[in-house]
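Structure first, then comments.
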Amino acid sequence: MDIGLKLKELRILKGLTQEELADRAELSKGFISQIERNLTSPSIATLMDILQCLGTTTADFFTEAPDEQIVFGKADYFEKIDTEEKAYWLGFMFADGYIVDYSNRYGEDKFGMTLHSKDVSSLEAFKKSIQATNPITDVSYNGRTLRRIIMSSQKTVNDLISHGCVKQKSLILKPPIGVPDELLHHFIRGFFDGDGSLYWNKSYFQAHEGWNTPSYSICITSTKEMVEWLIQILGDGKIYKEERREKTFYFKLGGNIKVRHFCKYIYKDATIFMERKYNYYKELCEISGN
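Residue numbers for the sequence shown follow my numbering, beginning at 118 and rising by one.
Have a look at this one:
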């Protein structure tokens, strides 16, 4: 097993920079870099500390899956964003996808996405869209059961990068490149399904006895550049700073009329979406009489 490369892959999967992992493990960024490049070997105790910060155990870490070459029929799937599905899945990759800067024995980088187990249907739909043959596997993280799909294709990775879905994108993500205006609402729907939420505050509603209908909100977490782009495209919404993370912001839109307007926009002519979030929209329409 190549411990350095596997640690790097796991770190990127968790959306952490070397500096963030170093801070959590109380180590230096340089030491993390040396470990990932196999220039030094951590002690067992240090390795256990690092793995704990990455939400895994030594048993899981040292259980190797076969390094099979993942074959699928649409390696050029993201070459040109010219359909609803391509725009939607690009948006989803911007949100919950990742690229692992790691050449396997076949000489190709990897890309994939990890979702909560209750949203496995989205992974199955993605797998079907790109005609993948690889399995959807279980991942345990902080006591939660997640599902993930990982594929190897340098062509696909290069195409994703060309559209702005770059490596280690969590803190540097910028607006998409090459998505036609008429497909932007499908891209935003995919981005929303990956990193957004539609909700109402129960305690806030109960505190206002005169309210007959809960007030819904939309929230999408991303970088400052992405949030500002969303506000520009949608012509509405506000930007807020995430207090816990230096370079993380979120887009927020409040009030049932504005939320319905947002949903009507992203679901226009939609044939692919996350059922769970779409059902929240239908619930809003039902309780508000629209």
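All C-beta atoms, glycine included, are put in the ideal place defined by N, C-alpha and C.
Subject >> Buried versus exposed, by CB contacts within 10 Å (16 or more), Thr338 >> reply: Sequence index remark: in the sequence shown, residue 338 carries index 221 (1-based). Per the 10 Å Cβ criterion, buried.
Original post:
Taking the continuous beta strand (DSSP E) assigned at Met210, which residues delimit it?
Top reply: Reading the sequence shown from its first residue, position 93 is the one you call residue 210. No beta strand (DSSP E) contains Met210, which is instead part of the alpha helix (DSSP H) from 201-213.
Subject >> Within the stretch 257-295, ranges of the beta strand (DSSP E) (whole runs, at least 3 residues) >> reply: 261-269
**OP:** Return the CA-CA distance between Ser274 and Arg265, expressed in angstroms with no decimal places.
**Re:** For this step, residue 274 is matched to residue 157 along the sequence shown. For this step, residue 265 is matched to residue 148 along the sequence shown. For the record, residue 274 in the displayed sequence is Val; it is not Ser. If you take the alpha carbons of Val274 and Arg265, they lie about 17 Å apart.
Subject >> Met391, DSSP secondary structure in three states >> reply: One-based indexing of the sequence shown puts residue 391 at position 274. Note: Met391 maps to coil in three-state DSSP.
Original post:
For Ser160, which of Lys291, Ile120, Glu126 has the nearest alpha-carbon?
Top reply: Here residue 160 refers to the residue found at position 43 of the sequence shown. Cα-wise, what sits closest to Ser160 is Ile120.
**OP:** Please work out which residues of its chain come closer than 7 Å, Cβ to Cβ, to Ser150, disregarding the five sequence neighbours upstream and downstream, and give them in chain order.
**Re:** Counted from its first residue, the sequence shown places residue 150 at position 33. If the five residues before and after Ser150 are omitted, its C-beta is found closer than 7 Å to the C-beta atoms of Gln135, all from its own chain and listed in chain order.
**OP:** Measure the C-alpha to C-alpha separation of Val256 and Thr262 and round it to an integer number of angstroms.
**Re:** On the sequence shown, residue 256 is found 139 positions in, with the first residue counted as 1. On the sequence shown, residue 262 is found 145 positions in, with the first residue counted as 1. Near 6 Å, if we compare the C-alpha coordinates of Thr262 and Val256.
**OP:** Tell me whether Asn212 is buried or exposed, calling it buried when 16 or more other Cβ atoms sit within 10 Å of its Cβ.
**Re:** Counting from one through the sequence shown, the residue named residue 212 turns up at place 95. Note that residue 212 is Ala in the sequence shown here, rather than Asn. Classification of Ala212: buried, given that the 10 Å Cβ count is 16 or more.
**OP:** Measure the Cβ-Cβ separation of Lys203 and Val217 and say whether it is below 8 Å.
**Re:** As a first step, residue 203 is located in the sequence shown; it is residue number 86 there, counting from the start. As a first step, residue 217 is located in the sequence shown; it is residue number 100 there, counting from the start. No, Cβ-Cβ distance for Lys203 and Val217 is not below 8 Å.
Subject >> Distance between Lys123 and Thr157 (C-alpha atoms, nearest Å) >> reply: Locating residue 157 in the sequence shown gives position 40, where the first residue counts as 1. Locating residue 123 in the sequence shown gives position 6, where the first residue counts as 1. One C-alpha to the other measures close to 14 Å.
**OP:** Could you confirm whether any beta carbon from chain C is found closer than 8 Å to the beta carbon of Ala212?
**Re:** Protein chain content of the structure displayed is limited to a single chain, and chain C is not contained in it.
Original post:
Buried or exposed: which applies to Gly214, given that a residue is buried once 16 or more other Cβ atoms fall within 10 Å of its Cβ?
Top reply: By 1-based counting over the sequence shown, the position of residue 214 is 97. By the 10 Å Cβ count, Gly214 comes out buried.
**OP:** Using the Cα positions of Lys394 and Gly229, report the straight-line distance between them to the nearest angstrom.
**Re:** Sequence index remark: in the sequence shown, residue 394 carries index 277 (1-based). Sequence index remark: in the sequence shown, residue 229 carries index 112 (1-based). Rounded to whole angstroms, Lys394 to Gly229 spans 21 Å at the Cα level.
**OP:** Could you tell me the distance, in whole angstroms, from the CA atom of Val296 to the CA atom of Lys197?
**Re:** Position 179 of the sequence shown, counted from the start, is the residue given in the question as residue 296. Position 80 of the sequence shown, counted from the start, is the residue given in the question as residue 197. About 8 Å.
Original post:
When we look at the beta-carbon of Thr174 and count the other beta-carbons within 10 Å, is it buried (16 or more) or exposed?
Top reply: The sequence position of residue 174 within the sequence shown is 57, counting from 1. Label assigned to Thr174: exposed.
Original post:
Can you round the beta-carbon distance between Thr340 and Leu288 to whole angstroms, since I take them to be within the 8 Å contact cut?
Top reply: Here residue 340 refers to the residue found at position 223 when the sequence shown is read from its first residue. Here residue 288 refers to the residue found at position 171 when the sequence shown is read from its first residue. Rounded, the Cβ-Cβ distance is 7 Å, consistent with contact.
Original post:
Based on the DSSP secondary-structure assignment, which residues constitute the bridge partners of Leu370?
Top reply: As a position in the sequence shown, residue 370 is number 253, starting the count at 1. Residue pairing from DSSP places Leu370 in a beta bridge opposite Ile335.
Subject >> Exposure of Glu185, with buried meaning 16 or more beta-carbon neighbours within 10 Å >> reply: Counting from one through the sequence shown, the residue named residue 185 turns up at place 68. Low confidence applies to Glu185: its pLDDT is 45, below 50, so where it sits in the model is not reliable enough to give any reading.
**OP:** Would you kindly report the start and end of the unbroken alpha helix (DSSP H) that includes Gly121?
**Re:** The residue labelled residue 121 in the question sits at position 4 within the sequence shown. Looking at the DSSP string, the run of the alpha helix (DSSP H) that includes Gly121 is 120-130.
Original post:
Apart from the five residues just before and just after Cys380, which ones in its own chain have a Cβ nearer than 6 Å to its Cβ?
Top reply: As a working mapping, residue 380 is identified with position 263 in the sequence shown. The residues are Tyr398.
Original post:
According to DSSP, is Lys355 helix, strand or coil?
Top reply: The residue you call residue 355 lines up with position 238 of the sequence shown. The answer is strand: DSSP assigns Lys355 an E or B state.
Subject >> Rounded straight-line distance, which links the Cα of Thr231 to that of Lys125 >> reply: Against the sequence shown, residue 125 aligns to sequence position 8. Against the sequence shown, residue 231 aligns to sequence position 114. One C-alpha to the other measures close to 16 Å.
Original post:
By how many angstroms is the C-alpha of Arg306 removed from the C-alpha of Met391?
Top reply: By 1-based counting over the sequence shown, the position of residue 391 is 274. By 1-based counting over the sequence shown, the position of residue 306 is 189. Taking the straight line joining both Cα atoms gives about 9 Å.
**OP:** Determine the closest residue to Tyr316 out of Ile348, Leu133, Ser334, with distance taken between C-alpha atoms.
**Re:** Position 199 of the sequence shown holds residue 316. It is Ser334 whose Cα lies nearest to the Cα of Tyr316.
Subject >> One or two residues paired with Gly313 in a DSSP bridge >> reply: Here residue 313 corresponds to residue number 196 of the sequence shown, with the count starting at 1. DSSP output for Gly313 lists Ile337 as bridge partner(s).
Original post:
Within the chosen definition, does the stretch 366-376 reach the stretch 348-355 through at least 3 CB pairs nearer than 8 Å?
Top reply: At 8 Å Cβ cutoff, the stretches touch.
Subject >> His378 versus Arg128 - alpha carbon distance >> reply: To locate residue 378, count along the sequence shown from 1; it is residue 261. To locate residue 128, count along the sequence shown from 1; it is residue 11. Taking the straight line joining both Cα atoms gives about 38 Å.
**OP:** Measure the alpha-carbon distance for Leu300 versus Thr250 and round it to whole angstroms.
**Re:** In the sequence shown, residue 300 corresponds to position 183, counting from 1. In the sequence shown, residue 250 corresponds to position 133, counting from 1. Spanning the two alpha carbons is a distance of roughly 28 Å.
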